[in-house]
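Counting in our numbering, the sequence shown runs from -3 upward without gaps.
Glycine included, C-beta positions come from ideal geometry on N, C-alpha and C.
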Amino acid sequence: MIVTGGNRGIGRAVVERFLAEGHKVAALSRGGDAPDGALGVVCDVADAASVEAAFSQVEAVHGPVGIAVANAGVTQDTLLLRMSEEDWRAVVDVNVTGAFHVAKRAVKSMLRAKWGRLVFTGSVVGLYGSAGQANYCASKAALVGLARSITREVGARGITANVVAPGFIETDMTAKLDEATQAKYRAAIPAARLGLADEVAAAVAYLCCDEAGYVSGAVLPVDGGLGMGH
Ligand code: NDP
């Protein structure tokens, strides 16, 4: 299996979870580092050729890829009127175009195997919205359309495509937020705490298991109730 952004944060927790379940796991990131036991592969998901090369490298070592978790993501927050073309593209290129590159390449071998599991890491804010994150929220909402279109295209071939939608999870990404923003989120979360990367990894593991073969095009929240109803 492949996990993009598998070197840290949520992706790393997904890698460790699947390693513990006995999978052969490749962690893709720009630096190429990986947790012990995983194959670390250099990959910039925004670049189609880099994704192609990474998949070939993984297949040479592990064989065909049956599970792909498109998890790599970035933020570049600012208010709409201050958002530059570069701010927009930096986020969309990784979060959406990167997921497209991974999905397209992964589905190729999944079709041959007549089995596959695609999971996209979305976000609660994809459907909830977030001031100062128009680029990020739009990119995460796009993953829902991507997963659902893939479901309609290849759902009859044993392949599922789902979105896991984390809320506020303790990682490098949220550590960047100032204390006031963190406190505001915490106050709005029914569970009254931030989430753990392992809690997201457990949801990803479910979506990828054999028993989840009839779950596709779904958005599975892991957000302590923050996004209820959205
Ligand atoms: P981190 O910032 O901790 O990790 C981001 C990961 O993405 C890193 O592994 C990074 O690797 C990788 N990455 C970034 N750009 C690229 C690229 N161009 N090519 C390949 N890999 C790349 O974030 P999180 O673990 O918090 O986030 C993981 C996912 O979860 C993201 O999609 C994020 O949007 C989503 N999410 C996170 C939430 C949170 O509260 N933390 C909430 C909701 C969603 P490297 O920089 O080494 O290349």
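{"Query": "Between which two residues does the alpha helix (DSSP H) carrying Ile165 extend?", "Result": "Neither: Ile165 is in no alpha helix (DSSP H) and is coded neither H nor E."}
{"Query": "Going along the chain, which unbroken runs of the beta strand (DSSP E) with 3 or more residues stay wholly within the segment 60 to 89?", "Result": "63 to 66"}
{"Query": "Do you know how far the Cα of Val218 is from the Cα of Glu195?", "Result": "7 angstroms"}
{"Query": "Rounded to the nearest angstrom, what separates Ile146 and Val11 at their Cα positions?", "Result": "24 angstroms"}
{"Query": "Is Pro162 near ligand 1, in the sense that its beta carbon is under 7 angstroms from a heavy atom of that ligand?", "Result": "yes"}
{"Query": "Would you decide whether Lys180 is buried or exposed? Buried here means 16 or more other CB atoms lie within 10 Å of its CB.", "Result": "exposed"}
{"Query": "For ligand 3, is there any heavy atom lying closer than 7 angstroms to the beta carbon of Ser52?", "Result": "Ligands in the displayed structure: ligand 1; ligand 3 is not one of them."}
{"Query": "Hey, how far is the Cα of Val65 from the Cα of Leu216?", "Result": "14 angstroms"}
{"Query": "Would you check whether ligand 1 has a heavy atom nearer than 7 angstroms to the C-beta of Val70?", "Result": "yes"}
{"Query": "CB-CB under 8 angstroms to Thr167, same chain, minus the five flanking residues each way: which ones, in chain order?", "Result": "Arg4, Gly5, Ile6 and Ala193"}
{"Query": "Only counting the same chain, and skipping five residues up and downstream in sequence, which positions put a Cβ closer than 6 angstroms to that of Gly154?", "Result": "Lys110 and Trp111"}
{"Query": "Alpha carbon to alpha carbon, what distance is there between Val70 and Ala130?", "Result": "13 angstroms"}
{"Query": "Go ahead and pull the three-state DSSP assignment for Arg113.", "Result": "strand"}
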